[in-house]
Amino acid sequence: MHPILGRLIVNFVLCLISFLAYSSQIFIIWPWYGGVVSVELLNLLVPFNVLVAMLLWNYFLCVTTDPGQVPPNWKPDTHSDGYEVKKLTGRPRYCRMCERPKPPRTHHCKQCNRCVLRMDHHCPWVNNCVGHFNYGHFIRFLLYVDVACSYHLVMITRRVLGTMGTRVWDEPSGVELVFIILNYVACVPVLLSVGAFSIYHFMCLLGNTTTIEGWEKDKVATLVRKGKIREVKYPYNLGRRKNIEAVLGRNPWLWCWPTTTPGTGLKYELADGDDSDGDASWPPKDPEDKRDGFQLPQSPWTYDNGLNPNLQPYNSQIRASSSRRRKPGPASGAMTQTPEQQLSEGENDIYTSSLDDDDNEYSEDGGEGETGRSVRVRRGSEGYEIKPVDREEMLHRYLRELGEEPGRYHRYIPEPLSDSNPSDDEQRAAS
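Using this note's numbering, the first residue of the sequence shown is number 181, and each one after it goes up by one.
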C-alpha cells in the first residue's frame, strides 16, 4: 500500500470516529436537554466521552507503535526448547527476503517489507502491522469501539423513543432528524462489522493464537480429519488466564488500560503436558506434500558428462533451409563486397555448416509446429546448449580462402571498376 493512501485511510477513520462521537452530542443530545448543562446530561455524556478518549488513545498507539522486528544479530538457540524449524528441511526458520533467521511466530510482511514479531495481520485501517508490541492496543481498540458504539446507539435510540410521546415540544427539528438518520447509517454498519471482527480476535486472545496461526490450525484439523496425520497439540495454548496475561499483562485491573506487552517477542512459553511426539514441529507437514522429498542435485548438470545426448538445436532446420535458399554471389557488374561483409557471410555459413554437420547426431520428434513441419523437441534438459564459435578461427579461415597468411597486417586495396563502366573523365569528355 502506498504511504499516502495509508495516511488517507487513517484520516478517514479519525473523521468517522469524530463524526459519530461529536455530531450526536452537539446536534441530538444537547438540543434534547434544552441546551442547558445539568447533572443528568453530565451523567449521560461523561462516560461516553471517556470511552471515546480511550478509543482514540488506543487507536493512536496501534498506528504509531512498532509491532516488533528481528534484531540484526539475532540467532536462534537450538539447545533450548521453543524454537521453530522449517517443515521442509527441519532446520531453524530463515527468511529469504530479509536474509536472517526468524524467531518463533514471526512472519514476513510484504507491505512493511520486513519480518514482524508474532505477526497477526497487516491492518490497512491502522496503516501498520499488528504484531507483538501493538496487539494489546489493537484488542483494546476493538473493545472500546464495540462499547462506545453500543453506548452511542442507546443514546440515539432513547432520543427517538422520547419523540413517540404526546409532548409536542419534544419533537425533533429538521436538523436533528437528519443527524439522527446519519448517525444510525454510520454507526450500525461499524458496530456489526467491527463487532464480528472483535469476536474472532477475542477468541484468538483466549487461545493465544494469531490470525496466521488460526489458518494453520484449520489446515491441521483438515489433515487430521482426513486421516493423513495424527492430532497435534497447539504448543502455545497455556490456558485462558495465562493466554490473556501473555498479551495484556498480569494485572487484571490494567487489562483495559494501555500497557506494554510483556516479553521480547523472540521467545514464547510453551504449554506443559504435551502428549505428542517431542520431535513434531508446528505446524506439522502434509505427508503428501511433494516438496518434502525434494533435494537439490550436487551438480548443476543434468547428466554426468555435462551434456545431454538427446539435445538438439531447435532452429537447425531453419538455418539449413535458409542456407540452401541463399542466392549465388553477385552478378557481374555489381559492386564488390567489402571484406567486412564477406566475413559476416562467412560467419553465418560456418555456423550453418557446423549445425548441418551435427544434424545427423540428433533424431526428429514426431510433433508438428504451426507450419505443419516436424518440430525438433529437446527433452531432459535444463537449458539450451549452443556450440561455441571462435571468431579468431573464422577470421583465419577467411584469410586462407583469400590466399593470405593469417597473422599479418594487410592493407585493403579496392578493386578497380570493370571496363564496362566508363570513368567520370570519359563521361565529362563525351559531354
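C-beta atoms are modelled at their ideal positions from N, C-alpha and C, and glycine is treated no differently. Computed from a predicted model, the values in this text were never measured in an experiment.
Can you say whether asparagine 308 is buried or exposed, counting buried as having 16 or more other CB atoms within 10 angstroms of its CB?
buried
Who are the near neighbours of lysine 408 in its chain, counting only those whose CB is closer than 6 Å to its CB and skipping five residues on each side?
Pro467
What would DSSP say about tyrosine 414, mapped onto helix, strand or coil?
coil
Between the C-alpha atoms of phenylalanine 207 and asparagine 388, what's the straight-line distance to the nearest angstrom?
43 Å
Considering only the beta carbon of each residue, do alanine 451 and asparagine 423 sit closer than 7 Å?
no
Would you kindly check if the distance between the Cβ of asparagine 363 and the Cβ of serine 204 is under 7 Å?
yes
Tell me the residue span of the beta strand (DSSP E) that contains asparagine 238.
Element bounds for asparagine 238: not the beta strand (DSSP E) but the alpha helix (DSSP H), 219-244.
Could you work out which residue in Glu573, Leu385, Trp212 and Trp437 is closest to leucine 231 when comparing CA atoms only?
Trp437
Grouping DSSP H, G and I as helix and E and B as strand, with all else coil, what is glutamine 205?
helix
I'd like to know whether the C-beta atoms of methionine 181 and glutamine 249 end up nearer to each other than 7 Å.
no
Entirely within the region 255-324 and at least 3 residues each: give me those beta strand (DSSP E) ranges in chain order.
287-289, 294-296, 301-303 and 308-310
Neighbourhood of glutamate 396 by C-beta distance below 7 Å, restricted to the same chain and skipping five residues each side
Pro463
Backbone CA spacing between phenylalanine 377 and glutamate 220 [nearest angstrom]:
34 Å
In angstroms, rounded to a whole number, what distance separates the CA positions of arginine 430 and tyrosine 315?
16 Å
Quick one, are the C-beta atoms of proline 211 and glutamate 356 less than 7 Å apart?
yes
Which word fits lysine 406, buried or exposed, when buried means at least 16 other C-beta atoms lie within 10 angstroms of its C-beta?
exposed
Return the CA-CA distance between valine 365 and leucine 403, expressed in angstroms with no decimal places.
44 Å
Once the 5 residues before and after threonine 286 are set aside, which same chain residues still bring their CB inside 6 Å of it?
Cys295 and Leu297
Just to confirm the assignment, what range does the alpha helix (DSSP H) spanning histidine 381 have?
354-387
At which residues does the alpha helix (DSSP H) containing aspartate 398 begin and terminate?
391-405
Quick check: what's the CA-CA separation for threonine 440 versus phenylalanine 318?
12 Å
Terminal residues of the continuous alpha helix (DSSP H) containing lysine 422?
420-428
Considering Cα atoms alone, identify which of Val334, Thr245 and Met383 is closest to histidine 312.
Thr245
Nearest by alpha-carbon distance to threonine 343: which of Ala328, Val327 and Ile360 is it?
Ile360
Can you have a look at valine 358 and say buried or exposed, based on whether 16 or more other CB atoms are within 10 angstroms of its CB?
exposed
Would you report the Cα separation of valine 193 and leucine 371, rounded to the nearest angstrom?
14 Å
How close, in whole Å, do the beta carbons of threonine 444 and methionine 299 come, if the pair is a contact with beta carbons under 8 Å?
No, threonine 444 and methionine 299 are not in contact; Cβ-Cβ is about 15 Å, not under 8 Å.
Buried or exposed: where does isoleucine 336 fall if 16 or more other Cβ atoms within 10 Å of its Cβ makes it buried?
buried
If you compare alpha carbons, which of Pro304, Asp257 and Trp237 is closest to leucine 185?
Pro304
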